[in-house]
Amino acid sequence: MPELPEVETIRRDLAAPLLGRRIERVRVHEEDLILGGTSRRSFQRAVRGRRFGGLERRAKFLLFPLLADDGATGPERLLRVQLRMTGQFALDEERPRAPDFRHPGVDFGLDDGRTLFYDDVRRLGGFDLLTPERWTAIERRLGPEPLSRGFTDGRFGRILAPLRAPIKNALLDQRRIAGVGNIYASEALFRAHIDPRAPAGTLDPAQVARLRRAIRTTLAAALERAGTTIRDYRAVNGRSGSYQSELDVYGREGAPCRRCEGPIIRLVQAGRSTFFCEDCQGAR
DNA sequence: CTTGTACCCTGACCGC
DNA sequence: TGCGGTCAGGGTACAA
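Below, the structure written as structure tokens:
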């Protein structure tokens, strides 16, 4: 479900309240949610008794460094969370009773009396424990963070140049750019007036620059609005985002383009819907 | 290397 | 009301 702005919103919601908290109890209701072949027991053993040493985001992953505390020993570990399509967090003294939060997944009981609840209807997301070396190996394969300073026109151009895949598909590939997903790929291409079907390597320098800028402004605007809540995505404790009212093309098939009044078209690329305006983004 | 496809899973919605 | 088909903010394994 969530893309960079949604995951970053969750990170901001959780970072301060979790910092330094000790994990007293771990309940795994759904073993599916423990990824990477780790058993429920060894997951609990690795996590219980440690403290949250911060909260970071890279691409669409959340990373909790777990600090050793008295009674907790063992190698340094990062707890990685992937929300995939329907992962949600709540932080409270009691399990939330919202109708969209009734699939208990994993609970982390904390030393301040609260519990961090993870709920995931479709169970596509989950947790895994990574050594720093393993994380480094994974991280190396991710493209640049689009909101970072290092994401320049030159770098973006070099990333796209050799690719023959449609630009829309390239934007979804986390090895090229990290954190862009299906909503913001369509939105950024609309903003940049670029045809989603154009082979990535055929964009000229002006198009590369427009697209880079469009990606940044779209993601930043969505982050400002705490993300896009269409159906499942919620920030922490059920809070909705509000960027859905700003969407230009995503989910607007048949509706008039906000710029030229022409119909928004839906097509399928790599098995996923793309929305665009043929008149504003056609041909070039 | 690149690219495309199948799959994981549940639930909401649509047409009959 | 029920039933089948389609679709959903993602990532990965595997084949070509």
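For the first sequence, the numbering used here gives the first residue as 16, with consecutive numbering after it.
The beta carbon of each residue, even a glycine, is placed where N, CA and C say it ideally should be.
Label residue i either buried or exposed according to how many other C-beta atoms from any shown protein chain fall within 10 Å of its C-beta, with 16 as the threshold for buried.
{"i": "Arg72", "result": "buried"}
{"i": "Arg117", "result": "exposed"}
{"i": "Cys275", "result": "exposed"}
{"i": "Thr244", "result": "buried"}
{"i": "Pro177", "result": "exposed"}
{"i": "Arg249", "result": "buried"}
{"i": "Pro271", "result": "exposed"}
{"i": "Pro220", "result": "exposed"}
Thinking C-beta only, is residue j closer than 7 Å to residue i?
{"i": "Gly120", "j": "Asp135", "result": "yes"}
{"i": "Gly140", "j": "Gln189", "result": "no"}
{"i": "Phe67", "j": "Leu106", "result": "no"}
{"i": "Arg92", "j": "Leu81", "result": "yes"}
{"i": "Ala237", "j": "Leu144", "result": "no"}
{"i": "Ala193", "j": "Glu239", "result": "no"}
{"i": "Ala200", "j": "Leu226", "result": "no"}
{"i": "Gly286", "j": "Pro278", "result": "no"}
{"i": "Leu218", "j": "Pro211", "result": "no"}
Using DSSP's beta-bridge definition, name the partner residues of residue i.
{"i": "Gln296", "result": "According to DSSP, which records beta bridges pairwise, Gln296 is partnered with nothing at all."}
{"i": "Asp135", "result": "Gly102"}
{"i": "Thr289", "result": "Leu282"}
{"i": "Leu94", "result": "Phe79, Leu144"}
{"i": "Glu71", "result": "Leu78"}
Can you tell me where the alpha helix (DSSP H) with residue i in it begins and where it stops?
{"i": "Val22", "result": "19-33"}
Nearer than 6 Å: is that true of the beta carbon of residue i relative to any heavy atom of the ligand MG?
{"i": "Arg73", "result": "Looking at this structure, you won't find the ligand MG or any other ligand, since it has none at all."}
Within the continuous beta strand (DSSP E) that includes residue i, where are the two ends?
{"i": "Pro119", "result": "119-125"}
{"i": "Phe76", "result": "76-82"}
{"i": "Phe142", "result": "141-145"}
{"i": "Arg112", "result": "No beta strand (DSSP E) contains Arg112, which DSSP labels as neither H nor E."}
Just checking my contact of residue i with residue j at CB under 8 Å: how many whole Å lie between their CB atoms?
{"i": "Gly242", "j": "Tyr258", "result": "6 Å"}
{"i": "Phe142", "j": "Arg110", "result": "Actually they are not in contact, since the Cβ atoms of Phe142 and Arg110 sit about 18 Å apart, beyond 8 Å."}
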